[in-house]
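S.K.: My numbering puts the first residue of the sequence shown at 2, with every later residue one more than the last. Dropping a structure here in structure tokens format, bear with me for questions.
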Amino acid sequence: MTTMITAISTAIAAFIATNLDDILILTILFTQVNKLFRRRHIVIGQYLGFILLILASLTGFFGSFLIPAQWIRFLGLLPVIFGIRSLWQREETETDNPLEMAVESAPSSPLLAWFSPQTCAVAAITIANGSDNIGIYLPLFASNTWPNLVTIVSVFLILVGVWCFTAHQLTQLPAIANLITSHGSHFVPCVLIGLGVFMIKESLPLAVLALSLSYGWTLFQQQAESI
């Protein structure tokens with residue numbers, strides 16, 4: 002019993018330490034929900050991406066590491082591409098949602114949500130943002146027994162659901178919802194660009210610079226359109 006309590010406590014601490022920033026990302030994603038981008042895409046994509054991170058980390062438990070973490074971080078190019086594309090589309094039409102991600106139609110079956118472009122896009126962002134998680138999970142998994150490993154992974158999967166629920170509830174707060182929805186079309190693409198730069202370079206100043214420059218560009222374009 003003591004061993005299980007220790008495993009649960011360790012899992013909770015490791016998850017919180019490596020996924021605090023996911024709350025912000027999930028909150029932003031939930032405010033972008035529309036006819037093509039559903040809540041299920043976010044939840045399934047978050048679970049899919051996190052499960053892939055766990056599988057990559059499990060290779061350390063079996064004594065080999067097949068996916069170098071430095072390769073995974075280059076998935077950060079995806080948020081940058083999504084952000085730039087959203088800014089480009091916003092100049093063409095203000096009605097475009099920045100997180101439609103080149104999707105022309107929603108899948109007709111809930112089962113297809115597992116493989117839809119929206120779900121895969123969320124999963125890719127989750128993986129890219131969680132590339133550093135592997136460095137934490139590898140030694141954590143490798144240093145535990147099978148029962149503890151099962152406990153830790155189970156706690157992780159439960160907490161992913163808690164994270165999604167918490168982020169969704171945050172969007173129900175009027176102040177947060179109004180702030181993000183009012184400025185989302187301008188700010189969300191910039192956040193994606195800054196996030197992608199941070200994933201690739203792991204430099205907070207560089208990420209802030211990228212976010213600031215892209216947001217400055219949106220303000221400049223907005224000012225130019227009003228003249």
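Even glycine gets a Cβ: it sits at the ideal position worked out from N, Cα and C.
Taking the CB atoms as reference points, tell me whether Ile126 and Pro80 lie closer together than 7 Å.
M.R.: Result yes, Cβ atoms of Ile126 and Pro80 sit closer than 7 Å.
S.K.: Check this for me: beta carbons of Gln47 and Cys121, under 7 Å apart or not?
M.R.: For Gln47 and Cys121, no; Cβs fall outside 7 Å.
S.K.: Report the rounded CA-to-CA distance for Lys202 versus Leu27, giving the unit in angstroms.
M.R.: If I take the Cα positions, the gap works out to 22 Å.
S.K.: Alpha carbons only, please: which of Gln33, Leu139, Phe75 and Gly131 is nearest the one belonging to Ser87?
M.R.: The shortest C-alpha separation from Ser87 is found at Gln33.
S.K.: Helix, strand or coil for Asn35 per DSSP?
M.R.: If DSSP states are grouped into helix, strand and coil, Asn35 belongs with coil.
S.K.: Which of the three DSSP states, helix, strand or coil, is assigned to Phe84?
M.R.: A small correction: the amino acid at residue 84 is Gly; Phe does not occupy that position in the sequence shown. Here Gly84 sits in helix by DSSP.
S.K.: Give the straight-line distance between the Cα atoms of Phe83 and Arg40, rounded to the nearest whole angstrom.
M.R.: Between Phe83 and Arg40, the C-alpha separation is close to 19 Å.
S.K.: Report the rounded CA-to-CA distance for Gln173 versus Phe31, giving the unit in angstroms.
M.R.: One C-alpha to the other measures close to 10 Å.
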